[in-house]
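Written out below as structure tokens is the structure these notes cover.
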Amino acid sequence: MVTSPYPESIRVFDRKLLQAKRGTLSKTFEKHDFLFKHCSNDISERLKDINRTFNTALQIGSRSADIQAHPKINTLVTLDLGKNPVISDNVPYIQADEEFLPIKPESLDLALSILNMHNVNDLPGSLVQIRQALKPDGLFMACLFGGESLLELRQSLMHTEIEVLGGASPRVFPFIDKMQMGDLMQRAGFALPVIDSEIIKVSYNSMFDLIKDIRGMGEHNIINKRNKTYTGKSFFMKAAQYYQDHFPAPDQKIEATFEIIYAAGWSPHDSQQKPLQPGSAEYSLEEALNNPNKR
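According to this note's numbering, the stretch in the sequence shown is residues 2 to 296, in order.
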């Protein structure tokens, strides 16, 4: 079982519960893996655009197999919480927790994480560990759920809980946004960080089908301060009706938003481009505006 390096007082997520839930995914995950396939394909295409071959790569998370035969990667190792990977493959597998990365410093050319870092208790610390595991000029690429994800579900559950129970408890993860991710990449010491995102809209027959898909992905509510008492069927029926009324999609369906944040950064190396030092510009902005032909 997972032993967290962080005291209980600062743990947002129940990683032991996450490990238990992930251990049951392998037989049914392929029915719910569309976001992972989409993101794996995107990361794969981004890697193809980089004029380099990576000798040793680590994939953090085992819910994505599409990256495993990538032409830019010579040797790939997968790391995840479960005793066995969610998607079985023919690459070496390490059972470990990315909150306490058991990787030798400066041993990786590439580190990848696909929809797997939004539920770590210390994301800044995990990013530092990944950067330290990379060789100088090594690359980290990741994607994770962003702040706009499941906004409709969050609003529906919160509104119903306030109406029925007189208060709200956390039922959906506190996702990060692009600006926060960029700041964390810089704080972790990555050079030349690049952050972007996309919004994916998905339609479902009902809120219950959405929740089934979320759980099928392995994204259960593992927030430590979640309401652990049974709220009853009527609560969810009210929430589902609110969802239907306020976030409809065509053909009497509902719409769900997923925001995917993509991040890339390099372990520092002397060969990399450096930003100009303050005061080193040859011309001032005023000169450029007054003389547009001056270069």
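Heads up, the beta-carbon is just placed ideally off N, CA and C, and yes, glycines get one too.
I'd like to know whether the C-beta atoms of I104 and L59 end up nearer to each other than 8 angstroms.
yes
When Q96, Q156, M186, P86 are compared against Q130, the one with the closest alpha-carbon:
The shortest C-alpha separation from Q130 is found at M186.
So does the region 239-248 actually touch the region 24-42, counting three or more Cβ pairs closer than 8 angstroms?
The region 239-248 is not in contact with the region 24-42.
With distances taken Cα to Cα, identify the nearest neighbour of S127 among S114, F55, E199, K136.
S114
Leaving out the 5 sequence neighbours to the left and right, which residues in its chain are closer than 6 angstroms to Y263 when beta-carbon positions are compared?
C144, D197
At which residue ranges does the region 97-152 contain complete alpha helix (DSSP H) runs of 4 or more residues, listed in the order of the chain?
124-134
When the Cα atoms are used, what is the spatial distance from Q156 to K73?
42 angstroms
Compare the C-beta of V121 against all C-beta atoms of chain D and say whether one is closer than 8 angstroms.
Going by chain labels, chain D is absent from the structure shown, which holds only one protein chain.
Figure out for me which residue from L111, K84, Y205, G219 has the closest Cα to the Cα of S299.
The structure shown does not extend to residue 299, since the chain is modelled only from 2 to 296, so the question has no answer here.
Of the residues A70, D138, M118, the one placed nearest G266, counting alpha carbons only
Selected option, being the one with the closest Cα: D138.
Please determine, among H71, T76, Q133, the residue with the shortest C-alpha to C-alpha distance to F191.
Q133
Tell me, to the nearest whole angstrom, how far the beta carbon of K179 is from that of E256; I am working on the premise that it is less than 8 angstroms.
Contact doesn't hold; Cβ gap of about 22 angstroms is too wide.
DSSP beta-bridge partners for T79?
Q60, Y94
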